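For reference, the structure is listed below as structure tokens.
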Amino acid sequence: MKRYIVTILAITLMCGLLSEGALAAGEQWENLFDGKTLNGWVQRNGKAKYTVEDGVIVGTTVLNTPNSFLCTEKNYTDFILELEFLVEPGMNSGIQIRSHSYKHYKNYRVHGYQVEIDTSSRAWSGGIYDEARRGWLFSLEGKPEAQKAFKQNQWNHYRIEAIGDRIRTWVNGVPVADLKDDMTSTGFIALQVHGSKQAGNSIKWRNIRIQDITRRENKVIKALIVDGQNNHDWKATTPILKKLLEETGLFTVDVATSPAEKQPMDSFKPDFAKYDVIVSNYTGDEWPKATQDALVEYMENGGGLVIYHAADNAFPKWKEWNEMIALGGWGGRNEKSGPWVRYRDGKVVLDNSPGRGGSHGPQHAFQVITRDRDHAIMAGLPEKWMHAKDELYSQLRGPAKNITLLATAYADPDQKGTGEHEPALFTIQYGKGRVFHTVLGHGPDQLRCVGFIVTFLRGTEWAATGRVTQVDVPDDFPTADQVSLR
Ligand code: ZN
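What the sequence shown shows, in my numbering, is residues 3 to 488, in sequence order.
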């Protein structure tokens with residue numbers, strides 16, 4: 003009987019914990035506000051006043067200024083955020099999460115998920131609004147219990163859980179929003195002071211703390227590098243790629259090395275299905291049909307594939323392969339292989355003009371320009387950065403289906419280039435699988451480029467999991483005019 007009661011109690015306790023989010027034990031809280039200064043925060047957009055008074059952050063409305071945001075310098079992916087606030091009646095405010103600010107997007111306008119603070123009679127506090135983007139994602143319409151959770155004229159407590167594609171909120175312990183949305187997986191946190199027709203209204207925040215659980219949710223990612231033949235020095239580059247991946251602590255890496263050129267290939271049967279992601283450093287003889295089929299099946303069922311530099315020279319005649327990699331070069335590729343992918347006037351253009359598939363001028367350092375700054379692989383990176391002296395792959399051709407262009411590089415005619423912005427980094431959806439394709443990294447010297455390293459590591463994680471937890475941008479990341487090597 004006693005045991006029975008204990009069991010019931012344990013179950014009740016567990017349910018209680020689960021209803022307040024799935025993670026309770028072993029919590030590691032970190033204060034985002036030190037109680038004295040705004041260190042770690044930066045103000046964006048409007049000129050509302052943010053000050054620290056008596057251990058709380060005070061945000062005060064100022065006339066004739068748009069919405070203001072006090073933003074964390076750091077990005078957060080998966081987290082539990084808790085804070086308290088005291089807001090004057092009549093004000094509107096909110097907490098931004100997974101948000102961004104870029105010049106290319108409405109001239110630095112802060113945008114992204116906002117957990118609403120709504121003192122009006124509508125009472126949608128704890129609902130989720132997509133600031134400067136899609137508007138309301140989770141309103142409190144028809145949810146009277148949730149609408150009652152916020153209390154006027156007293157400190158209110160928010161708990162916000164953002165884990166994977168699920169965002170949940172609690173107001174004073176009452177569950178309010180439960181949203182599934184995968185538009186943005188990472189970004190900063192910000193405290194909003196809404197633009198106002200009245201100056202001097204204030205909102206106070208305190209006890210702002212976060213549990214960064216990005217890593218905790220992630221298992222080790224199993225990667226397989228495939229090599230054995232290549233017109234490049236695969237014996238030198240594979241160990242470097244392996245080391246880069248392993249040093250993150252996120253990956254374990256095996257290597258599958260094929261028989262040498264013109265040797266029987268029948269024995270080459272890597273067990274793709276055992277891995278979360280396959281990194282191809284291979285171009286050479288055709289694989290056995292069974293191995294090709296295994297890769298196609300693996301990808302159709304949601305596998306991950308990374309195409310590294312000359313790996314896109316491989317298999318010009320293998321239809322599914324070319325769909326996976328979207329674009330390839332050499333091996334007789336021409337207009338029959340598919341279009342060139344061009345970036346012109348801010349748009350991706352498919353160019354079916356006749357001509358070769360694959361070329362590059364002499365090696366030189368060149369600028370990589372991000373074209374999709376909201377993509378998890380690119381989030382937080384500078385818009386432009388100098389890549390180390392490398393071949394600038396150009397005129398790649400292929401089916402170019404389901405492609406997302408992440409970054410381009412301008413092939414300068416002065417360097418015998420095409421005069422086009424050539425695809426440098428891109429992703430491809432293949433069945434349920436994800437492909438990350440980097441044309442960068444000819445040899446060991448090029449793999450020292452911090453821009454290559456960061457995008458390769460993020461791209462490999464994304465191909466494996468669909469997400470990127472390596473959100474910190476290293477201090478030695480290259481700038482718009484300066485190469486950075488390790
Ligand atoms: Zn090369």
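Even glycine gets a Cβ: it sits at the ideal position worked out from N, Cα and C. Just so you know, these numbers come straight off a predicted model, no measurement behind them.
Cα-Cα separation, residue i to residue j
i      : j      : result
Ala482 : Arg373 : 15 Å
Gly114 : Asp376 : 10 Å
Glu22  : Ser141 : With a pLDDT of 42 at Glu22, under the threshold of 50, the modelled position of this residue cannot be trusted, and the question is left open.
Lys245 : Gly251 : 10 Å
Thr14  : Asn158 : Confidence is the limiting factor: at Thr14 the pLDDT is only 40, short of 50, which leaves the residue's position unreliable, though a coordinate-based value still follows. Using only the alpha carbons, I get a separation of about 26 Å.
Pro290 : Asp268 : 6 Å
Gly92  : Val178 : 21 Å
Ala313 : Gln213 : 40 Å
Met388 : Gln154 : 52 Å
Val44  : Ile379 : 23 Å
Ala192 : Thr74  : 6 Å
Ile223 : Gly305 : 12 Å
Thr406 : Arg488 : 29 Å
Gly247 : Ala148 : Note on identity: in this sequence residue 247 is Leu, with Gly being the wrong assignment. Their backbone Cα atoms lie some 45 Å apart in a straight line.
Tyr78  : Thr216 : 8 Å
Trp126 : Asp120 : 6 Å
Ser424 : Lys391 : The sequence as given places Glu at residue 424; Ser does not occur at that position. Cα-Cα distance, rounded: 16 Å.
Asp474 : His444 : 26 Å
Arg344 : Ser187 : 28 Å
Pro356 : Glu393 : 23 Å
Asp167 : Val195 : 27 Å
Option nearest residue i by Cα separation, candidates the options
i      : options                           : result
Phe35  : Thr53, Ala426 and Gly48           : Thr53
Glu118 : Gly137, Phe190 and Arg111         : Gly137
Pro384 : Gln231, Leu442, Leu252 and Val456 : Val456
Asp278 : Gly461, Val485, Glu75 and Pro266  : Gly461
Lys108 : Arg46, Lys319 and Ala409          : Arg46
Asp273 : Arg168, Lys264 and Val298         : Val298
Tyr395 : Thr440, Thr285 and Val351         : Thr440
Gly230 : Pro266, Ile223 and Phe81          : Pro266
Ile130 : Asp183, Trp323 and Asp235         : Asp183
Phe253 : Ala466, Ser103, Asn315 and Asn404 : Ala466
Gly57  : Thr39, Val89 and Asp477           : Thr39
Val437 : Gln194, Ala292 and Glu322         : Glu322
Gly197 : Thr429, Lys49 and Lys418          : Lys49
Residue i classed as buried or exposed, judged by whether at least 16 other C-beta atoms fall within 10 angstroms
i      : result
Ala24  : Below a pLDDT of 50, predicted positions are generally treated as unreliable, and Ala24, at 44, falls in that range; the measurement from the model is reported next regardless. Ala24 is exposed by the Cβ-count criterion.
Met185 : exposed
Gly340 : buried
Thr420 : buried
Gln484 : exposed
Asp295 : exposed
Pro318 : buried
Gln30  : exposed
Gly110 : Looking at the sequence provided, one finds Tyr at residue 110 rather than Gly. Counting Cβ neighbours within 10 Å, Tyr110 comes out exposed, since fewer than 16 surround it.
Ser260 : buried
Ser122 : exposed
Beta-carbon separation (whole angstroms), residue i vs residue j, contact threshold 8 Å
i      : j      : result
Ser101 : Gly42  : Between Gly42 and Ser101 the Cβ distance is about 16 Å, and since that is not below 8 Å, they are no contact.
Gly433 : Glu302 : 3 Å
Leu226 : Ile280 : 5 Å
With contact counted as at least three CB pairs below 8 Å, one residue from each stretch, are the region 58-72 and the region 170-180 in contact? Flag = no, the region 58-72 and the region 170-180 do not touch.
Report yes or no: do three or more beta-carbon pairs, one from the region 81-99 and one from the region 355-365, lie closer than 8 Å? The region 81-99 vs the region 355-365: no contact.
Segment contact flag, the region 410-423 with the region 202-211, C-beta cutoff 8 Å, min 3 pairs: Contact fails: fewer than three Cβ-Cβ distances are below 8 Å.
Count Cβ pairs between the region 154-163 and the region 79-95 that sit closer than 8 Å; are there 3 or more? Yes: at least three Cβ pairs fall under 8 Å.
Do three or more CB pairs link the region 324-334 to the region 391-402 at distances below 8 Å? The region 324-334, when compared against the region 391-402, does touch it at the 8 Å Cβ threshold.
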